[in-house]
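Heads up, the sequence shown is in numbering that gives the first Met the number 0, so the first residue is 0 and it goes up one at a time. For every residue, glycine included, the Cβ atom is placed at its ideal position computed from N, Cα and C. None of the values given here were measured: they were computed from a predicted structure. So the structure is just underneath, and the comments pick up after that.
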Amino acid sequence: MTRGPVRLDVAVSYALPRAGLPSAVSFRKWVAAALKGRIREADLAVRIVDEKEGCSLNHHYRGKDYATNVLSFPADLPEGLPKGVKMPLLGDLVICAPV
Numbered sequence: 000m001t002r003g004p005v006r007l008d009v010a011v012s013y014a015l016p017r018a019g020l021p022s023a024v025s026f027r028k029w030v031a032a033a034l035k036g037r038i039r040e041a042d043l044a045v046r047i048v049d050e051k052e053g054c055s056l057n058h059h060y061r062g063k064d065y066a067t068n069v070l071s072f073p074a075d076l077p078e079g080l081p082k083g084v085k086m087p088l089l090g091d092l093v094i095c096a097p098v
């Protein structure tokens, strides 16, 4: 279990109208709850997309010709990072709202 101060930077963007979708504040709370006690630092981007963009991304990254509900992309650590340097959790999360 991880203790001490926590720094979460969660950027939420919407590629479709927000009506009926959870707020950015809700997404930030859910990320914090999911990482609580596990991760002390995280920089995450959450993008809410429509079916067309979800299908395009799924095709580009997975070779699948349909929209999927969630795609996740962990960020690669920089090459040559000195041993012992701790990096925050880095990544992107794409959620296809219609799926």
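C-beta contact flag for residue i and residue j at 9 Å
{"i": "proline 99", "j": "aspartate 49", "result": "Because residue 99 is not part of the residues shown, which for the chain are 0 to 98, the question remains open."}
{"i": "isoleucine 94", "j": "valine 69", "result": "yes"}
{"i": "leucine 80", "j": "leucine 43", "result": "no"}
{"i": "glycine 62", "j": "proline 73", "result": "no"}
{"i": "proline 77", "j": "alanine 41", "result": "no"}
{"i": "lysine 35", "j": "valine 84", "result": "no"}
Selected residue, minimal CA-CA separation from residue i, among the options
{"i": "threonine 67", "options": "Leu88, His58, Ala44, Ser12", "result": "His58"}
{"i": "proline 21", "options": "Val9, Glu40, Ile47", "result": "Ile47"}
Residues of its chain near residue i, where Cβ-Cβ distance is below 6 Å and the 5 sequence neighbours each way are ignored
{"i": "valine 11", "result": "Ala23, Phe26, Val45"}
{"i": "leucine 15", "result": "Asp49"}
{"i": "tyrosine 13", "result": "Ile47"}
Residue environment, residue i, which counts as buried when at least 16 other CB atoms sit within 10 Å
{"i": "glycine 103", "result": "Here the chain comprises residues numbered 0 to 98, so residue 103 is not present and cannot be evaluated."}
{"i": "alanine 33", "result": "exposed"}
{"i": "leucine 56", "result": "buried"}
{"i": "valine 9", "result": "buried"}
Own chain partners of residue i with C-beta closer than 7 Å, once the 5 adjacent residues on each side are dropped
{"i": "alanine 31", "result": "Leu7"}
{"i": "serine 100", "result": "Here the chain covers residues 0 to 98 and nothing more, so residue 100 does not appear."}
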